[in-house]
Structure formats: structure tokens, C-alpha cells
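Reviewing the structure listed below.
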Amino acid sequence: MPPWATYEAMYDAASGQPDLFWLDAARRVTWEQEPAIAHRARADGWHDWFPGATLNTCHNAVDRHVESGRGDQAALIWHSCATRERQIVTYRELQRRVAGFAGGLRALGVGKGDRVLIAMPTMIETVVAMLACARIGAVHVVVFSGYGGPELARRIDDVAPKVIIVASCSFQGQTAVPSAPGLNEALAGAAHRPQACVIVQRKGCAASPLPVRDHDFHVLEQSAPVDPVVLRSEDPLYILHTSGTTGNAKGIVRDNGGHAVALALSMELIYGCRQGDAFFTTSDLGWVVGHSYGIYAPLISGCTSVIVEGGASASAINALCHEHKVKCLFTTPTQMRLMRQESRRQPQAVLPALARIFVAGEYADPTLLEWARAYFQKPVVNHWWQTETGWSITAHFFGLPEREPASLKNDIGRPAPGFNPVIAPSEMDEQCGEILLSLPLPPGCLAGVWKERAIHVPTAYLDESGMYYRTFDEGMIEASRAVHMLGRSDDVIKVAGRRISGVQIEKIISAHPGVHACAVVAVADELRGQRPVAYVVANSDLDCPLSVEIIIGQVHQGLGRWVGLKEVRFVKRLPTTISGKITRNSLSVSDGVTREGADSSVRNMSAA
Ligand code: AMP
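Quick note on numbering: the sequence shown equals residues 1 to 608 in the UniProt record's numbering.
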């Protein structure tokens, strides 16, 4: 149990004596060289956590649990909602597979600092590949397997991976989608060429040959095992791309030491979990929650992590929670809405081992949370996250003896230690505005942004003073420190909790010669929270066929079907400011008609 009795005592300890607080938190991690200082400013102006200290994240997530006698405990429980397969992997088995695959990567010439791109669905092999990279100091770059070839090509060129790892197929619902065509398209479009590709052969879906030398994953796993290498705390562990404010995906870089410390602390303080507990995250491993709470946090803490491939139904979630005595369930409001739809036949879940449920990633309305509380008969809380921060900025703290005030029930909570949110000053002196976080950010947050084969200060995220990190989320902060979120201030759209920039979609639509201009906006969606709607001005000078289906097909091919573009509205012109900037805020489809500015619709259509 952490040493603080109340939230205030914990938060004040982190703000008043940050070095002491974080050096103490660092004891949850096994170091090769223990940290003597908590953080230091980098020459480029950003900051490093635990400089001078050394460790290996894979050792912390796997080997140390085998060494301490927990080798027979389940480390991972995997269930595929698509194929109905299940696998349970103990810590000992995970160590054997990871050490072997790390040896296989070495044999392919992968070493410290090399990037390895992993474009696979949530599978045991995905975790093995990620941990094997961590073991030898290679930097993993997991790309959501639902992305189309062009997005994959962009990420290949951004990180220049030595090796690419894919599964022979992923699944859309129950339908197998072979990976080779997308990878071939990406490799044809990318300037960079990897040295090798590795393929996981899945049952019933053989891979077709690739244009780059390829290897069988399970054969490579049999390579001579290698030990974890010693890494500096600030060495990069992974890069994860996320949609930025400018439409280009940014490669968020995570370090080793700060990441391990923040996640280990969060498991205890926020989720109230300790070794031996089962933690279930429904997120895909290609997103940040999958990285942090599907893999690293539960494994570093010696828990059992339950992960699923594909969208789990309410009955599958209940069955997994029941069978594996899950203590904490971490999911999204979209998943919760699906559960609500499905649960009409069964009014209440009976899950005695389940202690609490967490949601994050998108707006969760209070009625949904109330439904979930009634259904599970357990505390259900919401917390606020970003890919960039790696763990929650605000949360509820189940590791503290203090009971939270009931008024916080439907909020996103209060700041986690080390996060100091303020509202950006506005001329109107309003209480609502963009939420900024004062620098330095706590451990576990972005160590920088990947650009031109190096780590850079994330300048696009800094405010004018250079002293604050911009969250691009708007909200307000109460005197009690409770934070209320109102929504994004930029063009980011959250589709079923997954982040996509409207500009990213616009770029793909604009690439069609028949398109003169376009704007993509978010509209509310009953099930998925938000969905994109495209407004398109056709190019009247060209006799080029253009239809709703063509535009949707182009977007889905470029970004993946998960983007869920179903509605395209053809208009004569888009609303603009005097300076010619498109005013997306004045576009709305909620009432089925375009609002003033987007001159009378030519054709308003949607595809099923
Ligand atoms: P991602 O980087 O994909 O995790 O998306 C981060 C964004 O999701 C944040 O900047 C918010 O806009 C949104 N978000 C995350 N958590 C919440 C939450 N609990 N409530 C509302 N929006 C959220």
C-alpha cells in the first residue's frame, strides 16, 4: 500500500519534493545501476528521467518474475474473438519464447537502436516480438494492423525499420484479411527497404511470398536464447505513431526507465493492482492503452494480463473476467455501449472477483457510467489519457485508503502525480480553455518525437512560452483539482476511442483528381462516440467520375475500414474565413442539412 493516506498528501508529496517522490517510486523497478537523480534537463531543452541509471524493461517485465519464483504464473491470457482460439502463457514460457525470438532478431542483424516495425493484430506473437526488441535494445514500432498500405508506407519511411514483422492475416469480424497485399503495397510505395520480413503463419491463412526476404516467426523463436542487454534509462523503448494536430502522424518516443517507473506506480496507485492480480485490457495492442496496460504495466507489476484479438462481445468479456478472476477491467466507452446493447437479455453481470472497471479514450456520458455501475455492481470510473503521456493525466486512485468524494464519480478525476494542469490564459479571462501541463512532464510521458532518424523536442506541443505542454484538450479545473473535459481544440476525431485527424482523411480525399476541395468534420455517433463526415467540392473543370463510393473506398484503402467514413456530402463551396481558411465548425450534419456557408448541397449521400 502506498504511504499516503489521502490524495492531497500524495499529490503534495509529488509536487513539493519531486526528486524524493520519483526516486522512491523508482524502487518498484529492478535496475542494473540504481538512479541517483530523478530528472535532468537535456542539452536540447527537453528532459530525461533517471539519467545515469541502467536497466532492461524486458527483464523487469519477464525475467525478474521467473527469478523470484513466479515462473508458473500465467503472464498472458489471449483470446481471439475472431477464431475462438485461446492461449495461456506462463512467465517461464514467455521468457523462453522472448529470449529465443530476441536471438532470432539478432541473427537477422538487429541490434541496439535499430527499429523493428510490427504490423500485427493482438496476438501472443505481437507481445513476444515487442519484448524481444526491448530485450536487445531495439526500438519497436507497432502499427495498428487495420491500417491500409499507404499509412504503413509512411511509417516505414518515418522509422526506416531493419525488419518488419507481420501475421499472415488479421481479421475483420470473422473474415480473414491476408496481410501480404497491404504490405506489398506499402513496400512498393515506401522509399525505405527493410533487410528482412518475418511472418507469423496463422491457422487457415497461409502467407503469400513477399518481395523482401522472409522468415517464419516460429522458426526464429527456436534460435539460441539471448540475455537482456543493459540500457540507459533514457534509451528509447518504442515509437508509437499517433494522429497529430497537423494531420501527419507523429512518432511518439518512449524511454525505458521513466516508462517502467510510471507504469509500475500507476498499477498500484490508480488501479489498486499488485502481483498475481489479473488485469484485462480490451484495447488493441496497436494503440497506447494496449502498449501500456495490455503489456508493460501488468507484466512489470507481475500481474496476469488478459488480452483479446478483435471486438469482444459482452458475453466474451464476462466469460473471460469470470474464468480468469479478473480484478480490473480497462475498456472504452464504445465497448461499454456495445455491452449495454447486448446486455438487454442479461440485466446484471455476476463477477465476484472483479473489483473495478476503468474507461478512457473518449467522452463517456454519465448515463453510460451509471448503467455500467448497475450492470457490474462495481465502481466504474473514467480517466483521461493521451498516447503522448503513456499513462493517465487525471485519474481516480484506488491504491489510496481515502475514499473519493461522490461528486467525482462521473468526472475524469484529479491529476496523477507529477501532472500539473492549468487552463491556458485567455483574453476573455474564462474558466474554460485548453488544458496545459507544466514542464517537466512526469516520467512515462513522451521522451520526444521521432523525425529524420532521431529524437526531437516535441516543439509542436509546446505553448508560446515554451514552459507548458499543450494537450489540445479543452476543459476546466476546480479548486478541488477535479478536471472536467470538454473536447479537443484541434481536428482530431475519436472513432471508437481511436484517434484520427480530419486533415489526414482530407489529404486522401484531395488526392482524387475529381476533388476541388474538401473538409472533414466529426459528428456524434450513438455507438462509436464520433464518426467522420466529409464535405466535398467536386472539380467542375474535369470530367472525372466521382461518387460517394469512390471517396469512401479511397479513404478506407488509405487508412483502413476502421475509420468508418460512411457519409460524404457534395457541396458547391465550403465556408471560409475572410482569409480563406475553411471554418469547419460551421459545418454540421446533425439536422440532415448543411448549415449556412457550405453553399446548397448538390448531392447529399451516404453509403450503408
Ligand atoms: P489517444 O492518444 O488515442 O489515447 O487519444 C487521446 C485523446 O483522447 C485525448 O486528447 C482526448 O481528446 C481523448 N480522451 C482520452 N481520454 C478521454 C476521456 N476520459 N474523456 C474524454 N476524452 C478522452
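For each residue, glycine too, the CB sits at the ideal point set by N, CA and C.
Query	Result
With distances taken between CB atoms, is the gap from N56 to R135 smaller than 9 Å?	yes
Does the structure place the stretch 290–297 close enough to the stretch 420–427 that three or more beta carbon pairs sit under 8 Å?	no
Could you give the DSSP three-state label for A598: helix, strand or coil?	With a pLDDT of 46 at A598, under the threshold of 50, the modelled position of that residue is not reliable, and the figure given next carries that caveat. Three-state DSSP puts A598 in coil, outside helix and strand.
Since Q195 contacts G109 with CB under 8 Å, what's their CB separation in whole angstroms?	6 Å
For the stretch 143–163 against the stretch 57–74, are there 3 or more C-beta pairs whose distance is under 8 Å?	no
So, I412 versus T394, is the Cβ gap smaller than 9 Å?	yes
First and last residue of the beta strand (DSSP E) that includes Q87?	R86 to T90
Can L320 and V308 be called in contact, C-beta distance under 9 Å?	yes
Quick one, are the C-beta atoms of A74 and H383 less than 9 Å apart?	no
Considering just the uninterrupted stretch of the beta strand (DSSP E) at S315, what are its terminal residues?	Premise fails: S315 lies in the alpha helix (DSSP H), A314 to E323, not in any beta strand (DSSP E).
Among residues of its own chain, excluding the 5 on either side of L265, which ones have a beta-carbon nearer than 6 Å to its beta-carbon?	A25
May I ask whether a heavy atom of ligand 1 can be found less than 8 Å away from the beta carbon of N382?	yes
Give the straight-line distance between the Cα atoms of S305 and Q530, rounded to the nearest whole angstrom.	29 Å
Could you name the residues of the same chain whose beta carbon sits closer than 6 Å to that of D277, not counting the 5 residues immediately before and after it, in chain order?	C303 and K327
Is it right to say S540 is buried, meaning 16 or more other beta carbons lie within 10 angstroms of its own, or is it exposed?	exposed
Could you say which of L574, G558 and R573 lies nearest to G189 if we only look at CA atoms?	G558
Starting from R508 and walking both ways along the alpha helix (DSSP H), at which residues does that stretch end?	Here residue 508 turns out to be Ile, not Arg, going by the sequence shown. Residues G502 to S510.
What residue range is occupied by the uninterrupted alpha helix (DSSP H) comprising F376?	P366 to F376
Can you tell me whether DSSP reads P178 as helix, strand or coil?	strand
Counting only beta-carbon atoms, is A14 nearer than 9 Å to chain D?	Note that chain D does not occur in the displayed structure, where there is just one protein chain.
Just to check, is the beta-carbon of F472 closer than 8 Å to a non-hydrogen atom of ligand 1?	yes
Taking C-beta to C-beta, are I552 and V568 nearer than 9 Å?	yes
How is M1 classed by DSSP in three states: helix, strand or coil?	coil
Cβ atoms of F144 and R498: under 9 Å apart, would you say?	yes
In the DSSP output, which residue or residues are listed as bridge partners for Q172?	T175
Give me the Cβ distance between W49 and S233, rounded to the nearest whole Å; I'm assuming they're in contact under 8 Å.	6 Å
Secondary structure at N604, three-state DSSP: helix, strand or coil?	Here the model assigns N604 a pLDDT of 38, short of 50, so the residue's position is not dependable, and the following value carries that caveat. Strand, per DSSP.
Are the beta-carbon atoms belonging to L220 and L105 less than 9 Å from one another?	yes
Tell me which residues share the same chain as K162 and place their Cβ nearer than 7 Å to its Cβ, disregarding the 5 neighbours each side in the sequence.	G109, V110, D114, R115, V116, P194 and Q195
For the beta strand (DSSP E) that contains H456, what are its first and last residues?	A454 to H456
How long is the line joining the alpha carbons of Y469 and R27, rounded to whole angstroms?	28 Å
Would you kindly check if the distance between the Cβ of F171 and the Cβ of M199 is under 9 Å?	As written in the sequence, residue 199 is Ile, which differs from the Met given in the question. For I199 and F171, no; Cβs fall outside 9 Å.
From T6 to N248, what distance separates their C-alpha atoms?	42 Å
Which ranges would you report for the alpha helix (DSSP H) in the UniProt domain "Acetyl-coenzyme A synthetase N-terminal" (7–61) if only whole runs of at least 4 residues count?	7–16 and 18–25
Could you give the C-beta distance for A416 and W385, rounded to a whole number, given that I count them as a contact under 8 Å?	Not a contact, Cβ separation roughly 10 Å.
Could you tell me the distance, in whole angstroms, from the CA atom of H140 to the CA atom of Y238?	5 Å
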